[in-house]
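In full-length UniProt numbering, the protein residues as written are 1 to 108.
Here it is as structure tokens:
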């Protein structure tokens with residue numbers, strides 16, 4: 001008698017577990033049906049999802065292009081500044097050499 005009662009209790013527990021699993025399966029099926037629609041950025045239909053993805057990709061491309069342009073401008077400015085500094089140093093060296101030559105010629 002005791003064994004039969006235990007078996008009945010186990011069967012009832014199994015039935016309860018099966019019911020819970022069925023509910024989970026329904027939710028899982030719901031998620032699977034909505035997954036392609038809500039795969040990007042949550043809810044909405046596929047058009048909005050593709051639009052959102054496209055807008056995000058375009059924004060990323062624009063930001064990268066702007067960063068590349070800014071870096072190129074900075075590099076060009078650094079090169080121009082270096083060239084100007086080199087020209088100024090050469091002019092100063094030429095002036096010093098001319099002064100030395102003029103002072104040497106005045107001593108002789």
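A virtual CB, placed ideally from N, CA and C, is assigned to each residue, including glycine.
Whole-angstrom distance between residue j and residue i, CA atom to CA atom
i           : j           : result
residue 100 : residue 93  : 11 Å
residue 88  : residue 56  : 48 Å
residue 105 : residue 90  : 22 Å
residue 69  : residue 102 : 49 Å
residue 79  : residue 71  : 12 Å
residue 52  : residue 64  : 18 Å
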